[in-house]
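Take 3 as the starting number for the sequence shown in the numbering used here and just add one per residue.
Yeah, the Cβ is synthetic: ideal placement off N, Cα and C, and Gly gets one too.
Note that this is a predicted model, so its numbers are computed, not measured.
This report refers to the structure that appears directly beneath it.
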Amino acid sequence: MEHPENDKQYKGLTVNSGVEQPSIINPYLKRRQFKRREFSVGEMVEGVLKGDVTVLSQAVTLVESVNPAHQAMAQEVIEKCLPYSGRSVRIGISGVPGAGKSTSIDTFGCHVLDTKGGKLAVLAIDPSSERSKGSILGDKTRMEKLSVRPEAFIRPSPTAGSLGGVARKTRETIILCEAAGYDKIFVETVGVGQSETACHSMVDFFLLIQLAGTGDELQGIKRGIMEISDGIIINKCDGNNVDKCHMAATSYRNALHFFPKSESGWMPKVMCYSGFFGTGIKEIWDMVYEYIDFVKANGYFDYRRNEQSKYWMYETINEHLRNSFYQNPVIEQLLQKGEEKVLRGEQTSFAAAGELLKTYFDNIRK
Numbered sequence: 003m004e005h006p007e008n009d010k011q012y013k014g015l016t017v018n019s020g021v022e023q024p025s026i027i028n029p030y031l032k033r034r035q036f037k038r039r040e041f042s043v044g045e046m047v048e049g050v051l052k053g054d055v056t057v058l059s060q061a062v063t064l065v066e067s068v069n070p071a072h073q074a075m076a077q078e079v080i081e082k083c084l085p086y087s088g089r090s091v092r093i094g095i096s097g098v099p100g101a102g103k104s105t106s107i108d109t110f111g112c113h114v115l116d117t118k119g120g121k122l123a124v125l126a127i128d129p130s131s132e133r134s135k136g137s138i139l140g141d142k143t144r145m146e147k148l149s150v151r152p153e154a155f156i157r158p159s160p161t162a163g164s165l166g167g168v169a170r171k172t173r174e175t176i177i178l179c180e181a182a183g184y185d186k187i188f189v190e191t192v193g194v195g196q197s198e199t200a201c202h203s204m205v206d207f208f209l210l211i212q213l214a215g216t217g218d219e220l221q222g223i224k225r226g227i228m229e230i231s232d233g234i235i236i237n238k239c240d241g242n243n244v245d246k247c248h249m250a251a252t253s254y255r256n257a258l259h260f261f262p263k264s265e266s267g268w269m270p271k272v273m274c275y276s277g278f279f280g281t282g283i284k285e286i287w288d289m290v291y292e293y294i295d296f297v298k299a300n301g302y303f304d305y306r307r308n309e310q311s312k313y314w315m316y317e318t319i320n321e322h323l324r325n326s327f328y329q330n331p332v333i334e335q336l337l338q339k340g341e342e343k344v345l346r347g348e349q350t351s352f353a354a355a356g357e358l359l360k361t362y363f364d365n366i367r368k
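Shown next, in the form of structure tokens:
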């Protein structure tokens with residue numbers, strides 16, 4: 003661009019054009035496509051068994067993929083890792099949003115690694131948005147101390163529409179983590195009420211985190227999550243909240259007496275602690291390992307693992323049947339027509355569903 007000062011009317015005034023600016027891109031830089039290395043099934047299994055975190059992360063990503071080719075490869079990896087799994091203690095951790103699950107896991111994990119040694123895997127389930135279908139996957143940011151420890155593996159996963167809020171492939175991820183040498187597994191649920199049943203079906207000990215002073219003490223006499231809990235702990239027992247926490251603990255203990263005895267023969271304990279200040283942590287983990295010793299001694303530990311395996315076999319069948327139905331090309335064409343009939347009031351929802359199912363079964367028999 004020419005400077006206006008160089009015009010003839012400005013005698014004796016000249017502005018140099020200056021030095022041409024070099025490109026912001028290094029001309030000596032060789033453009034290369036940085037591609038992540040893809041492992042074969044054998045290499046992936048070998049890497050998982052060696053405890054390679056990078057390979058383990060890629061294996062978990064493969065398990066969570068919806069690509070049919072990835073799913074087939076993931077199943078091969080899981081089958082070969084299965085003989086090396088099952089030698090861990092699986093702990094399910096749940097509670098209402100804001101109860102301090104992630105902060106507590108950070109404190110719990112450091113305590114367990116310091117006192118028991120070994121390796122710890124944390125599988126944190128993050129709820130996906132119903133609108134954008136995306137997840138923040140930010141649970142790891144609240145585990146500041148645990149995330150920097152080399153013996154800990156933290157994997158946040160989106161629910162991705164999975165029933166009950168527990169990631170669809172968490173069960174398979176547990177197998178991979180166990181094969182990689184992680185002898186302690188934490189499964190953190192979304193804490194929305196429905197996910198607890200699914201989480202309970204894949205862990206050995208189910209820990210429920212509650213809060214005091216929220217008006218929720220009367221919920222203790224209701225069935226559901228209280229029945230499946232092996233231990234109830236009340237967080238934020240510090241400062242002016244100590245008396246409220248102990249009163250809530252008494253209410254929960256009284257409520258537990260109304261429930262029938264569990265199959266394991268264990269009576270759930272109620273304890274108070276502070277995840278932020280780290281008080282009462284030792285007592286909680288003494289309770290957890292007391293329970294593990296108790297159920298291993300009476301045979302319930304192995305019985306529950308076997309029941310869980312059967313449960314997930316049937317869940318997998320249900321999932322494959324559901325996918326087969328919705329991915330059927332004939333059904334895909336008829337679904338829209340069925341919806342329109344229901345919306346116009348020409349057919350009930352039950353009749354439309356029955357007609358679609360009959361079409362599906364007639365089609366697969368051919």
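For residue i, which of helix, strand or coil comes out of DSSP?
i, result
"residue 26", "coil"
"residue 152", "coil"
"residue 212", "strand"
"residue 39", "coil"
"residue 348", "coil"
"residue 130", "Low confidence applies here, because residue 130 scores a pLDDT of 48, under 50, leaving its location unreliable; read the following figure in that light. Coil, per DSSP."
"residue 229", "helix"
"residue 84", "helix"
"residue 255", "helix"
"residue 186", "strand"
"residue 241", "helix"
"residue 70", "helix"
"residue 15", "coil"
"residue 124", "strand"
"residue 262", "coil"
"residue 311", "helix"
"residue 326", "helix"
"residue 303", "helix"
"residue 165", "Any answer about residue 165 is weak, because its pLDDT of 48 lies below 50 and its placement is not dependable; what the coordinates show is given next. Helix at residue 165."
"residue 319", "helix"
Measuring alpha carbon to alpha carbon, tell me which of the options ends up nearest residue i.
i, options, result
"residue 258", "54, 249, 229", "229"
"residue 333", "27, 311, 319, 356", "356"
"residue 86", "181, 67, 254, 273", "181"
"residue 52", "249, 23, 183", "183"
"residue 19", "57, 8, 28, 360", "8"
"residue 76", "88, 89, 61, 90", "61"
"residue 244", "279, 39, 297", "279"
"residue 46", "28, 65, 29, 148", "65"
"residue 300", "94, 309, 158, 268", "268"
"residue 277", "308, 68, 106, 227", "106"
"residue 293", "73, 31, 92, 22", "92"
"residue 234", "271, 179, 262", "271"
"residue 171", "317, 95, 104", "317"
"residue 288", "63, 14, 118, 359", "118"
"residue 261", "227, 67, 329, 365", "227"
"residue 110", "74, 24, 186, 15", "186"
"residue 252", "264, 274, 232, 241", "274"
"residue 325", "43, 68, 54, 48", "68"
What residue range does the alpha helix (DSSP H) around residue i cover?
i, result
"residue 367", "351 to 367"
"residue 112", "103 to 118"
"residue 284", "283 to 300"
"residue 57", "55 to 66"
"residue 144", "That residue, residue 144, is in no alpha helix (DSSP H); it is neither H nor E in DSSP."
"residue 180", "172 to 181"
Keeping to the same chain, check which residues put their C-beta closer than 6 Å to that of residue i; ignore five residues upstream and five downstream.
i, result
"residue 113", "283"
"residue 313", "203"
"residue 5", "17"
"residue 344", "351, 354"
"residue 367", "none"
"residue 12", "none"
"residue 131", "Confidence at residue 131 is low in this model, with a pLDDT of 45, below 50, so its placement is unreliable and the value that follows should be read with caution. Correct list: empty, nothing qualifies."
For residue i, which residues in the same chain have their Cβ closer than 8 Å to its Cβ, ignoring the five residues on either side in sequence?
i, result
"residue 101", "193, 211, 212, 213, 237"
"residue 206", "91, 92, 93, 294, 297, 303, 306, 307"
Starting from the C-beta of residue i, find all residues in its chain whose C-beta is less than 7 Å away, skip the five residues before and the five after it, and write them out in chain order.
i, result
"residue 70", "none"
"residue 151", "115"
"residue 266", "297, 302"
"residue 177", "80, 83, 84, 87"
"residue 327", "333, 362"
"residue 72", "64"
"residue 255", "272"
"residue 57", "41, 46, 49, 50"
Start and end of the beta strand (DSSP E) containing residue i?
i, result
"residue 273", "271 to 274"
"residue 92", "91 to 97"
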